[in-house]
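Numbering (mature numbering (1 follows the signal peptide of the UniProt record, and there is no 0)), first residue to last: -21 to -1, 1 to 112. Ideal Cβ positions, reconstructed from N, Cα and C, are used throughout, including at glycine. Read through the structure below, which is laid out as structure tokens, and then see the notes.
What follows is the structure, encoded as structure tokens:
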């Protein structure tokens, strides 16, 4: 009888210590997100397809060939198939032959993202420029 009580007491102690030792997982929503790249407002407007804002920025002197996150505005227009904006950029003298940091042209981005309409506009502009030279 003594042994049974002692064994029961020891077993109870072990079970209580195991319950107390097991920590419940702590859920935390505290985390920090850092942006590794910055895209200027001109290129963000192009990506969103905001023609009026793009036109205003060009009228106010925005550089139509300035890279943002390694890509020119024409590359953003091609990537997101923003045909009207792309036409505007071309009319303002956008350089379609320049390459991004990933060694891609605006035409490459149009092909890569399935922007067929933008690709046609780029090819026509390049052909027109080639014929004029």
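Three-state class that DSSP yields for residue i in the structure shown
i: residue 25; result: helix
i: residue 79; result: coil
i: residue 1; result: No answer about residue 1 holds up, because its pLDDT of 49 lies below 50 and its placement is not dependable.
i: residue 111; result: helix
i: residue 18; result: coil
i: residue 95; result: helix
i: residue 38; result: helix
i: residue 30; result: helix
Top-ranked residue by Cα proximity to residue i, from the options
i: residue 47; options: 18, 23 and 90; result: 18
i: residue 83; options: 25, -15 and 51; result: 51
i: residue 43; options: 111, 49 and 72; result: 72
i: residue 129; options: 92, 95, 76 and 88; result: This structure leaves residue 129 out entirely; the chain is present only between -21 and 112.
i: residue 68; options: 81, 88, 30 and -16; result: 30
i: residue 104; options: 32, 62, 81 and 92; result: 62
i: residue 74; options: 54, 90, 88 and 81; result: 54
Residue i vs residue j beta-carbon contact at 8 Å
i: residue 60; j: residue 106; result: no
i: residue 86; j: residue 102; result: yes
i: residue 66; j: residue 100; result: yes
i: residue 79; j: residue 49; result: yes
i: residue 26; j: residue 57; result: no
i: residue 64; j: residue 40; result: no
Residues that residue i bridges to, as DSSP identifies them
i: residue 47; result: 50
heavy atom of the ligand ATP below 7 Å from residue i C-beta
i: residue 51; result: For the structure depicted, the ligand ATP is absent and the ligand set is empty, with no information on it obtainable.
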